[in-house]
Amino acid sequence: EQNTVAAAFQSVYTPPHYIRGEYRVLRAPGDLRVIDGRIEGVRDETGKVVRLRGTSVDVTESRRAEQLRELELAVARCLAGVEEAEPAISAALATVCERENWEIGGFWRADEKIGELCLEHWWAQPRFAEAAQPIIEDGRRNRFGSGVGLIGHAWRTGAAMWIPDLAKEERVSRAPLLKAAGLRSAALMPVTDGSRVVGVLVFAGTTVREPDQAFLRAFPVLGSLVGQFVQRRQTEQQRRALQTQLYQSQK
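Numbering (this note's numbering), first residue to last: 3 to 253.
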């Protein structure tokens, strides 16, 4: 954004002789910083700008925090007031993928009766839809036990995971399939209902991505939002089942 910054410096030579704005600086490979800059033209007695003064403040962390707060609110809105799981969770997955630039996201539900995780909901970017089909079909056919693969590991430990490069991760259980689709990195967050892990959210992308610490800190909130929705839905299903039983018993 060198041209933008140069234009900002030039603009202070004309009224109102002040400008404020944000611009980005690539400090190092993969380290893009957001800078809040302010420039003021200092004038002499004739009104001519004779020098410039200003400040530059790195606001990367605060802007990222704002983005993630907006993401949490957006996910909460996806899950609010919706009874059916498919549109609600799929919308939440789409929100995270679109805002955080992941190609595909999925929700693996824990079936405690059989001790396995099953792929229940998913969403993929339109540009990745064709490549996603083999992954989705494989996920619908196969399940993961506790501790099996990355997904099973996240379920067993209840710990969030960030895999910068899937090609270098030994715990990947479907490496050839993921490689064929061009997926390189992944983030996994346990879904909790307050007392237990009821599933795992998985997001994957086509580039090697170093851990985003701010996003990792948001995992517990995002996982809890989905977990609370799942719990509410299960409670409602149980209530309806009891009502049906009572109705049948009174016939």
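Think of the CB as a built atom: it goes at the ideal place given N, C-alpha and C, for glycine as much as any other residue.
Local conformation of residue i per DSSP, three classes
i       : result
Pro-213 : coil
Gly-43  : strand
Ser-148 : coil
Leu-179 : helix
Ala-162 : coil
Leu-218 : helix
Asp-60  : strand
Val-7   : helix
Gly-49  : coil
Val-202 : strand
Leu-185 : coil
Val-27  : strand
Asp-140 : helix
Arg-22  : strand
Val-173 : Here residue 173 is Arg; the residue named in the question, Val, does not match the sequence. It is coil, neither helix nor strand.
Gly-154 : helix
Gly-207 : strand
Val-223 : helix
Val-228 : helix
Cβ neighbour criterion (16 or more within 10 Å) applied to residue i
i       : result
Val-52  : exposed
Ile-165 : buried
Pro-192 : buried
Ile-116 : exposed
Val-204 : buried
Ala-296 : For residue 296 there is no data in the structure shown, the boundaries of the chain being 3 and 253.
Gly-83  : exposed
Leu-34  : exposed
Ala-162 : buried
Gly-225 : buried
Ala-9   : exposed
When the options are compared against residue i, the one with the closest alpha-carbon
i       : options                            : result
Glu-63  : Thr-57, Gly-56, Arg-71             : Arg-71
Val-27  : Thr-16, Asp-195, Glu-238, Gln-4    : Gln-4
Gly-39  : Ala-67, Arg-29, Val-7              : Val-7
Gly-43  : Ala-67, Ile-21, Val-59             : Ile-21
Arg-234 : Ala-206, Phe-217, Gly-196          : Gly-196
Arg-198 : Ala-220, Trp-157, Ala-177, Arg-145 : Trp-157
Arg-55  : Ala-183, Ala-188, Ile-41, Val-150  : Ile-41
Trp-104 : Pro-18, Ser-13, Gly-225, Leu-185   : Leu-185
Gly-23  : Arg-45, Thr-57, Asp-46, Thr-16     : Thr-57
Arg-211 : Lys-170, Gly-154, Pro-18, Ala-78   : Lys-170
Leu-227 : Leu-218, Gln-69, Arg-66, Leu-81    : Leu-81
Ser-148 : Arg-173, Arg-29, Arg-79, Val-232   : Arg-173
Glu-100 : Gln-69, Gly-49, Arg-143            : Gln-69
Short Cβ contact (8 Å threshold) for residue i with residue j
i       : j       : result
Leu-119 : Val-202 : yes
Leu-190 : Leu-152 : yes
Ile-91  : Phe-109 : yes
Asp-140 : Leu-168 : no
Thr-97  : Ala-112 : no
Val-14  : Ile-37  : no
Val-150 : Ser-187 : no
Ala-67  : Ala-134 : no
Glu-74  : Ala-220 : yes
Thr-194 : Gly-154 : no
Phe-217 : Glu-102 : yes
Glu-88  : His-123 : yes
Exercise. Ignoring anything shorter than 3 residues or poking outside the region 76-138, list the beta strand (DSSP E) runs there in chain order.
Key: 106-113, 118-126
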